[in-house]
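Step one of this worksheet: look at the structure below.
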Amino acid sequence: MFRITLAVVLLSLTAPVFGQDTVLTPTTYYYDNGNKSSEGFLRNGKPDGYWKSWYPDGTLRSEGNRKYFLLDSLWIFYNESGDTTQTISYLNGKKNGYTTTWQYSEKDGKKTGYIVSRELFLNDVKEGVSFYYDKGVLVRTIPWLNGKKHGTGKEYDKDGRVIVLLEYANDFLLHRERINRIDNNGKKQGLWKEFYSSGQIKSELYYVNDTLHGYSRTFDRAGRVLESIRFQMGDTAVALADDTTQRSRFVEEYYETGQIKFRGGYFDDKPVGMHKKYSIDGQVIVGREYNQENQLIATGPLDANDRRQGKWQYIYENGEIKSEGNYKDGKKTGEWIFYYPDKKTEQRGRYASDRPTGEWKWYYPNGKLWREEVYERGKEEGSFTEYDTTGAVILKGQYLEGEKTGEWYYHAGDHTEKGSYQEGLMEGEWKHYYLNGKLYFEGKFVQGQPDGKHIWYYENGRKKEEGNYVLGSREKKWIKYDREGYPYLVITFRNDLEYKLNGARINLQH
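Heads up: the sequence shown begins at 1 in the working numbering, then just goes up one per residue.
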């Protein structure tokens, strides 16, 4: 049995306990078989203090404290074998702090417990960085902002190396970058990144067959470049440091006719900024843009007003093409293609006046289709489909002017979800299913708010929990059942507040 142990000062269950302003009355509820279902204290008829609940066979189900009637501190939940399945930190009745989840497997009669996730909450909403594991080994960290994935997530190899950077915005995955890769011969390949404990990038290095090649940079904890070095198959070619003796200059070259031929800036004799080459008639033949580390980051033609025209290419630090497409009067137009550093296509689609339009497709690094979406005037419009690396659909639905609409389907790890949206909000009946096809949940929503009866089910088909909402507010009886179908907890709500607990009246004045 795997169990988290809490040190608890037990109060006597034989006599009332006097608090600061009221009396704590010990209370016990029982199953029909005579075993305890729950035990704790009531203050003015409302649960307070330390509470425990049990399965019908007497196995502990949950335990935790209430403070001024609200869930408080660490609560622990157990499965029917007595193993800890989840710990949740509460403050003022809401999740605050980490919620940790475990799962168990058994082989040759030996049970092993693994951590599955550690998710950070602030007032019931996911916030900050959450951690996800595979058999106890960290495989992914995801940043959350106001309940949505936002910022830079990371995927890890079994040895703890960060191997993928995930860039999220408003719950959507925008970019996936492969880093820190080792080939089958154990040699480093491609871009390698190292991070400070704060998550800030510490260094960027490029390898070819375990040998440094291309630009390498180190950063301070504030993100400022400390040093930039260019390697040529292990040999140092250029070293740039924070040196006040370095000088900048601007260079212009002319044809014999006096017409401008070249114009560009240099820092310590290395190119920076936009460099322009002109034809004999004064037209810009090509523009080449360099960053502050003298690395070429983009190239293509400009017009007399310095607007980008025609085909442009953007460049990775290792010299490979990052993206390419056409401009018209400084705005992206026509087909654009985005690449991974290993030259494989990451994303492709079309622009019209700098806004995405028509069908866009994203691809995994292995070349398999990742996402299909349609844009109109820069907003999602029409069908949207996302796939996992095996090609299975994990998200599918429709957009109308950038808002989710109509029927949507989600594959959410251990279950699937089906329902409809209207103007970006959940609307009508939603159902969730276990992976074996059995019903997991059913309930209705009105303008994104749960409404009416909501029911959750065990995999055996029996009810797990049921209750009623009125436009997002819990009302009437909410009942929790064990796997055999016996109710073990009944809470009656009024205006989303607990009114009765297992039939005992609760004083709502507090």
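Note that the Cβ used here is the ideal one computed from N, Cα and C, for glycine as well.
Note that the structure is predicted; figures quoted are calculated from it, not measured.
Using only CA atoms, which one of the options lies nearest to residue i?
{"i": "residue 191", "options": "214, 198, 255", "result": "214"}
{"i": "residue 89", "options": "102, 123, 136", "result": "123"}
{"i": "residue 274", "options": "259, 307, 281, 258", "result": "307"}
{"i": "residue 411", "options": "432, 314, 357, 424", "result": "432"}
{"i": "residue 224", "options": "495, 293, 173", "result": "293"}
{"i": "residue 115", "options": "254, 136, 129", "result": "136"}
{"i": "residue 462", "options": "479, 82, 207, 494", "result": "479"}
{"i": "residue 132", "options": "145, 56, 100, 378", "result": "100"}
{"i": "residue 42", "options": "444, 29, 34, 33", "result": "29"}
{"i": "residue 481", "options": "489, 206, 475", "result": "489"}
{"i": "residue 138", "options": "130, 144, 145", "result": "130"}
{"i": "residue 167", "options": "146, 494, 142", "result": "142"}
{"i": "residue 210", "options": "434, 406, 182", "result": "182"}
{"i": "residue 36", "options": "57, 47, 26, 24", "result": "57"}
{"i": "residue 69", "options": "63, 77, 48", "result": "48"}
{"i": "residue 465", "options": "407, 313, 441, 227", "result": "441"}
{"i": "residue 94", "options": "121, 84, 76, 104", "result": "121"}
{"i": "residue 117", "options": "128, 134, 309", "result": "134"}
{"i": "residue 493", "options": "46, 426, 337, 83", "result": "46"}
{"i": "residue 249", "options": "264, 67, 439, 435", "result": "264"}
{"i": "residue 426", "options": "448, 436, 443", "result": "448"}
{"i": "residue 499", "options": "477, 33, 106", "result": "477"}
{"i": "residue 119", "options": "144, 103, 109, 105", "result": "144"}
{"i": "residue 456", "options": "446, 417, 184", "result": "417"}
{"i": "residue 467", "options": "496, 268, 486", "result": "496"}
Just to check my reading of the structure: residue i and residue j have Cβ atoms closer than 8 Å, yes? What is that Cβ distance to the nearest angstrom?
{"i": "residue 325", "j": "residue 334", "result": "6 Å"}
{"i": "residue 397", "j": "residue 368", "result": "Contact doesn't hold; Cβ gap of about 21 Å is too wide."}
{"i": "residue 54", "j": "residue 61", "result": "5 Å"}
{"i": "residue 393", "j": "residue 375", "result": "About 20 Å; that fails the 8 Å criterion."}
{"i": "residue 321", "j": "residue 339", "result": "6 Å"}
{"i": "residue 357", "j": "residue 351", "result": "6 Å"}
{"i": "residue 278", "j": "residue 284", "result": "6 Å"}
{"i": "residue 154", "j": "residue 140", "result": "7 Å"}
{"i": "residue 348", "j": "residue 378", "result": "No, residue 348 and residue 378 are not in contact; Cβ-Cβ is about 17 Å, not under 8 Å."}
{"i": "residue 301", "j": "residue 313", "result": "Between residue 313 and residue 301 the Cβ distance is about 11 Å, and since that is not below 8 Å, they are no contact."}
{"i": "residue 402", "j": "residue 386", "result": "17 Å between Cβ atoms; not a contact."}
{"i": "residue 180", "j": "residue 150", "result": "Actually they do not touch by this definition, with Cβ atoms about 23 Å apart."}
Which residues bound the beta strand (DSSP E) around residue i?
{"i": "residue 298", "result": "296-300"}
{"i": "residue 279", "result": "No beta strand (DSSP E) contains residue 279, which DSSP labels as neither H nor E."}
{"i": "residue 48", "result": "46-54"}
{"i": "residue 169", "result": "162-169"}
{"i": "residue 451", "result": "449-457"}
{"i": "residue 67", "result": "60-67"}
{"i": "residue 356", "result": "355-363"}
{"i": "residue 230", "result": "225-232"}
{"i": "residue 495", "result": "No beta strand (DSSP E) holds residue 495; DSSP gives it neither H nor E."}
{"i": "residue 158", "result": "Segment: none, residue 158 is in no beta strand (DSSP E) and carries neither H nor E."}
{"i": "residue 292", "result": "Run containing residue 292: none; DSSP gives neither H nor E here."}
{"i": "residue 543", "result": "One cannot answer for residue 543 here, as it falls past the ends of the chain, which runs 1 to 510."}
{"i": "residue 150", "result": "Careful: residue 150 lies outside any beta strand (DSSP E) and carries neither H nor E."}
{"i": "residue 42", "result": "36-43"}
{"i": "residue 345", "result": "345-352"}
{"i": "residue 80", "result": "Run containing residue 80: none; DSSP gives neither H nor E here."}
{"i": "residue 481", "result": "473-481"}
{"i": "residue 486", "result": "Neither: residue 486 is in no beta strand (DSSP E) and is coded neither H nor E."}
Here's the rule I'm using: 16 or more other beta-carbon atoms within 10 Å means buried, otherwise exposed. How should residue i be labelled?
{"i": "residue 87", "result": "buried"}
{"i": "residue 7", "result": "Confidence in residue 7 is poor, its pLDDT being 43 and thus under 50, which makes the residue's placement unreliable; the coordinate value appears in the next sentence. Residue 7 is exposed by the Cβ-count criterion."}
{"i": "residue 483", "result": "exposed"}
{"i": "residue 316", "result": "buried"}
{"i": "residue 220", "result": "exposed"}
{"i": "residue 96", "result": "buried"}
{"i": "residue 295", "result": "buried"}
{"i": "residue 251", "result": "exposed"}
{"i": "residue 421", "result": "buried"}
{"i": "residue 501", "result": "buried"}
{"i": "residue 505", "result": "exposed"}
{"i": "residue 81", "result": "exposed"}
{"i": "residue 428", "result": "exposed"}
{"i": "residue 233", "result": "exposed"}
{"i": "residue 217", "result": "buried"}
{"i": "residue 241", "result": "At residue 241, the pLDDT of 45 sits below 50, so the modelled position is not reliable and the matter cannot be decided from this model."}
{"i": "residue 112", "result": "exposed"}
{"i": "residue 200", "result": "exposed"}
{"i": "residue 423", "result": "exposed"}
{"i": "residue 78", "result": "buried"}
{"i": "residue 389", "result": "exposed"}
{"i": "residue 72", "result": "buried"}
Quick check for students: name the residue ranges of the beta strand (DSSP E) that lie wholly in the region 367-444, counting only runs of 3 or more.
Entirely contained in the region 367-444, the beta strand (DSSP E) runs reaching 3 residues are, in chain order, 369-376, 379-387, 393-400, 403-411, 415-422, 425-434.
| said: In chain order, what are the residue ranges of uninterrupted beta strand (DSSP E) at least 3 long that sit wholly in the region 85-147? | reply: 94-107, 110-122, 128-134, 137-145
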